[in-house]
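Residue numbers (this note's numbering): 881 to 1288.
This is the structure in structure tokens:
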């Protein structure tokens, strides 16, 4: 699959329209932008009462969310080259498994789960920012003024509805440390004012770019138009057990975006297994042995030459290890991801269900110590995903990522 680059430029007041996509117009519009419809669908099904809370959250967590965490692992822990090049990062990240239990044992469970929720939401916002940056790079939209305005607009426009939701929802406020209660409403008003001011400034800048004939980054506009209103609508819509329900509703859009990006990136593994070529799974070296175009030296070697060719093919697959198997077929990727979901999210959803049925899910006070320890430990998977994700997609610092995503 090749990245398309369609640029329409007219020397008029309307300016130039830049339409360069990460994968292709169809893929980007379906997976990176149009998949926001999945969040609206979950919202409608849940608010209308058609889809109950527990089945919705459990199915999403095991079948969609956990496999997207596995997507990160597929290109880090399961990639032999990454394990060698990023050994300190990968093995050091395992420390996140003990952070939560240690804080729970130190009687700081409420603080830990509050920080976990903040980091989870920040991770969603950071992914939207990451996709925006990819579109900015693709479309040459890198002026310092635009970079600053885009970054600030995202910071305020995504965080206002989140803080406003906490201020208005008793279940959410119960999860906030008491020392912060008095400042939540004031922070929401500050973020709302900042969002309005920045929104006006951002729109004015787009009009200025159009008048000056500078390229208008349409994919970026479409991404922002999909993501920002959805967050506002979901976070400001009343619903039962909102702190739990919105996790699935907001995140499913993020999940689908990420799955498509991972699968696009992981094409680099498929080229070694032959799935990107004839589909036979045999390397060009092996297919050439004994055939037309093979040098006399190779033909004279007979079976020995075949063995050398097979050894060369095995060596060519060696750098990536299990990552190549996982990404060889879409079915493999899905199956491994769901298996991981059962292992990771199965116990987590059970503990969450027990928490809801025994205490309403309004906080940690009704949870037993073993329950808190178990949930805190399982948060380690998510933390590792959040942390690694902030390191492994840096196109400028890691040329191999830019190459895999066809950013040049």
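Quick reminder that beta carbons are idealized off the backbone N, C-alpha and C, glycines included.
Do residue i and residue j have their C-beta atoms closer together than 7 Å?
{"i": "residue 1344", "j": "residue 1125", "result": "With the chain running from 881 to 1288 in the structure shown, residue 1344 is simply not present."}
{"i": "residue 1261", "j": "residue 973", "result": "no"}
{"i": "residue 1076", "j": "residue 1064", "result": "no"}
{"i": "residue 1122", "j": "residue 1049", "result": "yes"}
{"i": "residue 900", "j": "residue 1027", "result": "no"}
{"i": "residue 1265", "j": "residue 1138", "result": "no"}
{"i": "residue 1284", "j": "residue 1145", "result": "yes"}
{"i": "residue 1032", "j": "residue 1078", "result": "yes"}
{"i": "residue 1149", "j": "residue 1213", "result": "no"}
{"i": "residue 969", "j": "residue 1009", "result": "no"}
{"i": "residue 923", "j": "residue 1129", "result": "yes"}
{"i": "residue 927", "j": "residue 1110", "result": "no"}
{"i": "residue 958", "j": "residue 1206", "result": "yes"}
Which value, in whole angstroms, describes the spacing of the CA atoms of residue i and residue j?
{"i": "residue 1280", "j": "residue 1059", "result": "45 Å"}
{"i": "residue 960", "j": "residue 1208", "result": "16 Å"}
{"i": "residue 993", "j": "residue 1232", "result": "13 Å"}
{"i": "residue 977", "j": "residue 1255", "result": "10 Å"}
{"i": "residue 909", "j": "residue 1105", "result": "12 Å"}
{"i": "residue 911", "j": "residue 1140", "result": "7 Å"}
{"i": "residue 995", "j": "residue 1102", "result": "31 Å"}
{"i": "residue 1263", "j": "residue 1127", "result": "15 Å"}
{"i": "residue 990", "j": "residue 936", "result": "25 Å"}
{"i": "residue 1202", "j": "residue 965", "result": "16 Å"}
{"i": "residue 1039", "j": "residue 904", "result": "30 Å"}
{"i": "residue 1276", "j": "residue 1288", "result": "11 Å"}
{"i": "residue 962", "j": "residue 1117", "result": "42 Å"}
{"i": "residue 1269", "j": "residue 981", "result": "23 Å"}
{"i": "residue 1062", "j": "residue 1068", "result": "11 Å"}
{"i": "residue 1011", "j": "residue 1036", "result": "17 Å"}
{"i": "residue 929", "j": "residue 1088", "result": "46 Å"}
{"i": "residue 1070", "j": "residue 1044", "result": "11 Å"}
{"i": "residue 1066", "j": "residue 1055", "result": "18 Å"}
{"i": "residue 1258", "j": "residue 979", "result": "11 Å"}
{"i": "residue 1073", "j": "residue 971", "result": "43 Å"}
{"i": "residue 1057", "j": "residue 1113", "result": "26 Å"}
{"i": "residue 907", "j": "residue 1249", "result": "46 Å"}
{"i": "residue 1023", "j": "residue 987", "result": "48 Å"}
{"i": "residue 897", "j": "residue 938", "result": "43 Å"}
{"i": "residue 902", "j": "residue 1211", "result": "23 Å"}
{"i": "residue 975", "j": "residue 967", "result": "14 Å"}
{"i": "residue 997", "j": "residue 1005", "result": "13 Å"}
{"i": "residue 1090", "j": "residue 1108", "result": "22 Å"}
{"i": "residue 1080", "j": "residue 999", "result": "28 Å"}
Which residues in the same chain as residue i place their Cβ atom closer than 8 Å to its Cβ, once the five residues preceding and following it in sequence are excluded?
{"i": "residue 1234", "result": "1251"}
{"i": "residue 942", "result": "1218, 1221, 1222, 1225, 1226, 1229"}
{"i": "residue 1278", "result": "1272"}
{"i": "residue 955", "result": "962, 1142, 1145, 1146, 1203, 1272"}
Grab me the residues of residue i's own chain with a C-beta within less than 7 Å of its C-beta, minus the 5 sequence neighbours each way, in chain order.
{"i": "residue 1042", "result": "1001, 1115"}
{"i": "residue 1157", "result": "Because the pLDDT at residue 1157 is just 40, under 50, the model does not fix this residue reliably, and the value given afterwards should be weighed accordingly. Excluding positions up to five away in sequence, the list is empty."}
{"i": "residue 913", "result": "1102, 1103, 1106"}
{"i": "residue 944", "result": "1132, 1135"}
{"i": "residue 1216", "result": "950, 1206"}
{"i": "residue 1282", "result": "1275, 1288"}
{"i": "residue 940", "result": "1128, 1132"}
{"i": "residue 925", "result": "931"}
{"i": "residue 915", "result": "1133, 1136, 1137"}
I'd like the list of long-range same chain contacts for residue i, defined as Cβ closer than 6 Å, with 5 residues on each side in sequence excluded.
{"i": "residue 1007", "result": "1134"}
{"i": "residue 984", "result": "1252, 1253, 1256"}
{"i": "residue 1021", "result": "1097"}
{"i": "residue 1029", "result": "1082, 1085"}
{"i": "residue 1247", "result": "1235"}
{"i": "residue 1188", "result": "Confidence is the limiting factor: at residue 1188 the pLDDT is only 46, short of 50, which leaves the residue's position unreliable, though a coordinate-based value still follows. Excluding sequence neighbours, residue 1188 sits near nothing in its chain."}
{"i": "residue 1003", "result": "1266"}
So is the beta-carbon of residue i under 6 Å away from any non-hydrogen atom of the ligand GDP?
{"i": "residue 1090", "result": "In the structure on display, the ligand GDP does not appear, and there are no ligands present to speak of."}
Open item on the list: Within 8 Å, do at least three Cβ pairs link the segment 1131-1147 to the segment 918-936?
Closed with: In the pairwise beta carbon analysis, the segment 918-936 is classified as touching the segment 1131-1147: at least three pairs are separated by under 8 Å.
- [ ] Count the C-beta pairs between the segment 1003-1021 and the segment 1097-1109 that are closer than 8 Å, then say yes if the count reaches three, no if not.
- [x] Segments in contact, yes.
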